[in-house]
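Respectively, the protein sequence lines represent chains Z and C. Throughout the first sequence, residue numbering follows the numbering used here, covering 36 to 237 in sequence. Throughout the second sequence, residue numbering follows the numbering used here, covering 36 to 237 in sequence.
There are 2 protein chains.
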Amino acid sequence: MPSDPTTTSYAVLGLLRLRPWTTYELAKQVRRSLNWFWPRAERKLYDEPKRLVADGLATAEEGFTGKRRRTTYAITDGGRAALARWLDEPPAARSHESEGMVKVFFADAGDLDQLRTTLGRLEAEAAERLAALAELAAEAEGPFPERRHLGALCLRLQHDQERAVLDWTRWARTQVDTWRSTTDPGRWDTRAVLATMTEEPR
Amino acid sequence: MPSDPTTTSYAVLGLLRLRPWTTYELAKQVRRSLNWFWPRAERKLYDEPKRLVADGLATAEEGFTGKRRRTTYAITDGGRAALARWLDEPPAARSHESEGMVKVFFADAGDLDQLRTTLGRLEAEAAERLAALAELAAEAEGPFPERRHLGALCLRLQHDQERAVLDWTRWARTQVDTWRSTTDPGRWDTRAVLATMTEEPR
DNA sequence: GGTCGCATACTGCCTTGTGCAGTATCTCTG
DNA sequence: CAGAGATACTGCACAAGGCAGTATGCGACC
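What follows is the structure in structure tokens.
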């Protein structure tokens, strides 16, 4: 017997609820939307629907494009029910991974130029992502116009977070430029920066 | 021959550069600091130093507390060099995981109450994390006062992102409260929300 | 008509990482 | 002197990532 469905199972199930998909289409759709807050390798998205079928949450239909085999997956009533139940459960804690921040944190193992380069790369990344989000927001017609309001809600958060990162990279750059070295911030007022985080509204 | 060190390897190496640690101490230190932008299970942190030793980047010293075995790891010169070289490499892309956002995105599989509950949980989580960050910022003396400026830089970003999430949860709540159902936003102006993301400074 | 490049549609395999259970010993407190 | 919590790990099963490899379909261009 298969173990409990994972969040990734439910994410795929959520898409299957909208319409049937082949795994290839599923993978592309995930890259457009879910990838922002639930990134999963394409490889994984080819395995996941099989598990859903094994659990009775989806069905698989074999088809052909000429000689090429093609599996289309669709949600079942049991899948729809499981999805609705899952919405009630408390979500797992958020998690952020940023190798760039690890490099900033350990910047004192290198020099100021290395730190500036890392900050520049983080800035470029944030700018690119913000541009990609703006493009998504500008699209007049997405594939599911009846779900546009939910997309807008999610896009808004993604955008605000990306904006925060971009603004930070620029601020960090100006701050670091006043340092004497990665180990000596000179007259930089560390305490003042920290204080802004303690004297804030909740 | 072991494969290339991972980001996690370098993260542990970065801490070993500061002083020698036992894995237990290492795990606790990671939870305090790195966990915010490079979260790794405690289990992994027990394996990682062994690989560093195998690669010649660290050394292990067996010790005893009474009868209890205890391994203390320390960085080598090769480790210090590898760490400095690693700082030059472009960092991997950031990645954010939020099961809560997946639930918001697929909220149309459930009702408004479920969506409101999920938003409430996301808000509580963000508030807790923000409070934890404020506490870290308020600490007069951390274990490495000479690295306080780097900690402040990282803390600032973490704080700004958390703030963005908290503000969003509250905004989202007010918006959702005007909806008729999860599938019908009523007079809510989806287009206006999306427009704010396209008409912005870069 | 042919072939080149890109899209479609997967599978295998190895490594990384998570979560949980289990096994000790040490130290402090009442 | 018992019990609770901290210290210090290991084993195992499963989730997930990354890369290479194997096809076929289809449209563009010569």
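Note that the Cβ used here is the ideal one computed from N, Cα and C, for glycine as well. Treat the numbers as computed from the prediction; the structure is a model and nothing was measured.
Does any heavy atom of the ligand FMN sit closer than 8 Å to the C-beta of residue i?
i, result
"Ile-110 (chain Z)", "Looking at this structure, you won't find the ligand FMN or any other ligand, since it has none at all."
Less than 9 Å separating the beta-carbons of residue i and residue j?
i, j, result
"Ala-117 (chain Z)", "Leu-154 (chain Z)", "no"
"Arg-191 (chain C)", "Trp-203 (chain Z)", "yes"
"Tyr-108 (chain C)", "Glu-96 (chain C)", "yes"
"Ala-46 (chain Z)", "Phe-141 (chain C)", "yes"
"Arg-208 (chain Z)", "Pro-125 (chain C)", "no"
"Thr-41 (chain Z)", "Arg-183 (chain C)", "no"
"Arg-75 (chain C)", "Val-65 (chain C)", "yes"
"Trp-73 (chain Z)", "Gln-193 (chain Z)", "no"
"His-131 (chain C)", "Ser-68 (chain Z)", "no"
"Asp-146 (chain C)", "Thr-213 (chain C)", "no"
"Val-139 (chain Z)", "Leu-188 (chain C)", "yes"
"Asp-195 (chain C)", "Ala-227 (chain Z)", "no"
With DSSP run on the structure shown, which of helix, strand or coil describes residue i?
i, result
"Phe-99 (chain Z)", "strand"
"Arg-215 (chain C)", "coil"
"Ala-128 (chain C)", "coil"
"Trp-56 (chain C)", "strand"
"Arg-75 (chain Z)", "coil"
"Arg-105 (chain Z)", "strand"
"Ala-161 (chain C)", "helix"
"Ala-175 (chain Z)", "coil"
"Thr-231 (chain C)", "helix"
"Thr-94 (chain Z)", "strand"
"Asp-39 (chain Z)", "coil"
"Trp-223 (chain Z)", "coil"
"Ser-68 (chain Z)", "coil"
"Gly-145 (chain C)", "coil"
"Pro-180 (chain C)", "helix"
"Arg-237 (chain C)", "coil"
"His-194 (chain Z)", "helix"
Compare the Cα-Cα distances from residue i to each of the options and report the closest residue.
i, options, result
"Thr-239 (chain C)", "Z:Arg-226, Z:Leu-53 and Z:Trp-121", "For residue 239 (chain C) there is no data in the structure shown, the boundaries of chain C being 36 and 237."
"Asp-148 (chain C)", "C:Ala-89, C:Ala-230 and C:Val-211", "C:Val-211"
"Ser-44 (chain C)", "C:Tyr-59, C:Trp-71 and C:Ala-89", "C:Ala-89"
"Met-232 (chain C)", "Z:Ala-169, Z:Arg-105, Z:Leu-185 and Z:Ser-216", "Z:Ala-169"
"Asp-39 (chain Z)", "Z:Glu-83, Z:Thr-209, Z:Ala-199 and Z:Glu-235", "Z:Glu-83"
"Thr-57 (chain C)", "C:Trp-73, C:Trp-71 and C:Gly-98", "C:Gly-98"
"Glu-197 (chain C)", "C:Ala-162, C:Lys-63 and C:Leu-229", "C:Ala-162"
"Leu-165 (chain C)", "Z:Ala-175, Z:Leu-150 and Z:Pro-236", "Z:Pro-236"
"Ile-110 (chain C)", "C:Leu-50, C:Glu-181 and C:Pro-178", "C:Leu-50"
"Val-137 (chain Z)", "C:Val-137, C:Gly-135, C:Ala-119 and C:Asp-112", "C:Ala-119"
"Arg-105 (chain C)", "C:Arg-86, C:Glu-60, C:Asp-112 and C:Leu-229", "C:Glu-60"
"Arg-229 (chain C)", "Z:Ala-173, Z:Ala-62, Z:Arg-103 and Z:Thr-94", "For the record, residue 229 (chain C) in the displayed sequence is Leu; it is not Arg. It is Z:Ala-173."
"Asp-112 (chain Z)", "Z:Ala-62, Z:Leu-87 and Z:Arg-103", "Z:Leu-87"
"Thr-215 (chain C)", "C:Ala-62, C:Leu-150, C:Glu-77 and C:Pro-55", "Checking the displayed sequence, the identity of residue 215 (chain C) turns out to be Arg instead of Thr. Out of C:Ala-62, C:Leu-150, C:Glu-77 and C:Pro-55, C:Leu-150 has the C-alpha closest to the C-alpha of Arg-215 (chain C)."
How would you call residue i, buried or exposed, if buried means at least 16 neighbouring beta carbons within 10 angstroms?
i, result
"Ala-144 (chain Z)", "buried"
"Ser-133 (chain C)", "buried"
"Leu-48 (chain C)", "buried"
"Met-36 (chain Z)", "Because Met-36 (chain Z) carries a pLDDT of 46, less than 50, the predicted location of this residue cannot be relied on, and no value is offered for it."
"Glu-160 (chain Z)", "buried"
"Glu-158 (chain Z)", "buried"
"Asp-219 (chain C)", "exposed"
"Gly-114 (chain Z)", "buried"
"Gly-177 (chain C)", "exposed"
"Gly-221 (chain C)", "exposed"
"Gly-135 (chain Z)", "buried"
"Gly-101 (chain Z)", "exposed"
Taking residue i as part of the alpha helix (DSSP H), name the residues at either end of that continuous run.
i, result
"Trp-248 (chain C)", "The requested residue 248 (chain C) does not occur in the structure, where chain C is confined to residues 36 to 237."
"Glu-134 (chain Z)", "134-140"
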